[in-house]
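Okay, so here's the structure we're looking at.
Protein chains in written order, with my numbering: chain A, 1 to 243; chain B, 1001 to 1243.
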C-alpha cells in the first residue's frame, strides 16, 4: 500500500489517496483520533472520481462518529482495465432496459458474478493493508452497494462485523443462497420508489438474510435520493456494533 | 379534564392520571420543561393497566427528548363499557385464528371500524384538553397502534404533524383509501417475523400512504419484540418534525 497524495479537509479529516497493487483507493481518518479507530469500507458502483462527492460526504459523516472510512476502485471502474465480457453484459443490460424488457437473470449473472469474484479478494487485500496501519484498529463494517459484493464479503470475511447494504442494484439469484449464510447484523436501505430497482426482489433478499438482527429502512426519493437522515441512522447502527 | 393522581417517577418525569368524560388517561411531562413542550399521543391496543409498563417506558423515552406524552383508554378497553358487537367480532376473530382459517375482511371491519369511529373523536377531545394546559405547546405527534386509528387521526386531525405507526394490527380494506389521503411525515414499524400479522398487507399499506416523507423500519423479534433502538429512532423522527 503506497500513499500517493494527502490533504486535510476543512473539518480536519485526513484524506489519503493510495494504490495497492495498482488499484487506487482513498482512506479518510478522523481529525482527532486518540486511539485506533474502527473502519468502515465504503462500497460504490465503480468510478471513484465520479463517486467522489458522495463518498467524501459519507466519509466525513463516518469521521464525525469517530470511524475511519476507506474505499477502493472496482474492477473495470475508473481507469482500471475493462473486461470485454463485463462491457458486453452491461451493453446487453442497457439494451434490455431501453427496450423496456425484463432483465434476464443470465445477463445479471454475467454482469455481477465475475465482478464479485474479482472485487471481493481485492477488498480483502485492502483490509489487510488498512488494518496494518497503527491508526486503524477495527472492528470493521461494510457500507454501500454493490449489494452482491457486500453479501459475499459478509459471508467470507470474518473481520467484517456489521454491514449497511443498499438494495439498489442487480442481484444474481444464486446470491440468495449466500444471503441465507449471512449472520452479522445488517441494516438494508431500500429506495421504495426506485423505478430502476426490483422492489419485490429486494424484499425477498431482505427476507433471505440469515442474520438475527436485520433492519430494513425503506424511503422515498428515487434511486439516488436516500434521505440525509439515513446517514445518521447508519452511524448509529455502526456505533451499536463497532464500538 | 380532571387530574386524579400524580407522582414523580425516579427520573423526574411527572406522571398524572386524569379522566375526561369518564375516559381514563395518563399524561407524562418532562422533569425540567422550561417552555411549552411538543406532545406525543401514545396509541395502544386497549387496556391501560396491562399496557402500563410499555407505555411508561415509551413516555420516559419521549420525556428524555423533551416531549410530553399522553394516552387515553380505548373504547371497550380496561374498565370501560364493552360493546356486544365488538366482543362478538373479537370472538369471531379468535375462532378463525384458532381454526387456522384466514381472517375474513368482514370480521376485521366489524372489529376495527366501529372502534376507529368511536376512538378518534375521543383522542381529539383529549387533544383539546391537553393543548389547553400551559405546559403543553404542540406540535403534536401520534405514536403506536392501533394503526387504523393513527391513519384516521392523520387524515382528520390537522393538529397532528407526524406519526409513527406500528403495522401490527388488522386494517380494514377501506382504510387503504384513507391511507392515500395521509400527507404528514410517517415512520412505519413492521415486525418482519410477526406470525400474527399479514406482512404483505403491511407493505401494501406502506405503499398506499400519500406522504412524500415516509419511512418503513422492518425488524426481527416477533410481534412484541420491537428492538430497543427503535425508541431512539422514533425520538429522532419526532425531533425532526416536532421541533
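We treat Cβ as the ideally placed atom computed from N, Cα and C, and that holds for glycine.
These figures come from a predicted structure and were not determined experimentally.
Straight-line gap, residue i to residue j (C-alpha atoms, nearest Å)
i	j	result
residue 1215(B)	residue 1121(B)	27 Å
residue 1182(B)	residue 1159(B)	13 Å
residue 1223(B)	residue 230(A)	25 Å
residue 1162(B)	residue 173(A)	39 Å
residue 1075(B)	residue 1086(B)	10 Å
residue 234(A)	residue 1097(B)	39 Å
residue 167(A)	residue 199(A)	9 Å
residue 151(A)	residue 47(A)	20 Å
residue 1209(B)	residue 10(A)	41 Å
residue 1204(B)	residue 101(A)	25 Å
residue 93(A)	residue 195(A)	15 Å
residue 1099(B)	residue 1051(B)	28 Å
residue 91(A)	residue 1053(B)	59 Å
residue 106(A)	residue 112(A)	10 Å
residue 218(A)	residue 1197(B)	19 Å
residue 228(A)	residue 1157(B)	28 Å
residue 232(A)	residue 1232(B)	12 Å
Status (buried if at least 16 other CB within 10 Å, exposed otherwise) for residue i
i	result
residue 187(A)	buried
residue 1081(B)	exposed
residue 3(A)	exposed
residue 1132(B)	exposed
residue 1185(B)	buried
residue 178(A)	buried
residue 110(A)	buried
residue 1079(B)	exposed
residue 77(A)	buried
residue 1241(B)	buried
residue 202(A)	buried
When the options are compared against residue i, the one with the closest alpha-carbon
i	options	result
residue 1134(B)	1038(B), 1196(B) and 1026(B)	1038(B)
residue 26(A)	161(A), 55(A), 10(A) and 33(A)	55(A)
residue 126(A)	221(A), 151(A), 220(A) and 43(A)	43(A)
residue 49(A)	35(A), 164(A), 239(A) and 17(A)	17(A)
residue 1108(B)	1089(B), 1101(B) and 1100(B)	1089(B)
residue 1040(B)	1140(B), 1236(B), 1228(B) and 1020(B)	1140(B)
residue 212(A)	180(A), 19(A) and 176(A)	180(A)
residue 144(A)	45(A), 202(A) and 112(A)	45(A)
residue 1019(B)	1210(B), 1130(B) and 1101(B)	1130(B)
residue 1114(B)	1083(B), 1196(B) and 1232(B)	1083(B)
Contact belief for residue i with residue j at Cβ below 8 Å, rounded distance in angstroms
i	j	result
residue 1170(B)	residue 1116(B)	No, residue 1170(B) and residue 1116(B) are not in contact; Cβ-Cβ is about 11 Å, not under 8 Å.
residue 1057(B)	residue 1028(B)	Wrong, their Cβ atoms sit about 11 Å apart, outside the cutoff.
residue 226(A)	residue 191(A)	7 Å
residue 149(A)	residue 73(A)	With a Cβ gap of about 13 Å, residue 149(A) and residue 73(A) do not count as contacting.
residue 137(A)	residue 70(A)	That pair is no contact at about 13 Å.
residue 164(A)	residue 237(A)	6 Å
residue 1220(B)	residue 1193(B)	5 Å
Same chain, Cβ closer than 8 Å to residue i, neighbours up to 5 away in sequence not counted
i	result
residue 13(A)	28, 29, 30, 31, 59, 60 and 63
residue 1033(B)	1066, 1068 and 1135
Close beta carbons around residue i, own chain, < 6 Å, minus the five adjacent residues each side
i	result
residue 206(A)	188 and 216
Close beta carbons around residue i, own chain, < 7 Å, minus the five adjacent residues each side
i	result
residue 1153(B)	1120, 1123, 1142 and 1160
residue 1008(B)	1014
residue 239(A)	65
residue 1155(B)	1178, 1181 and 1182
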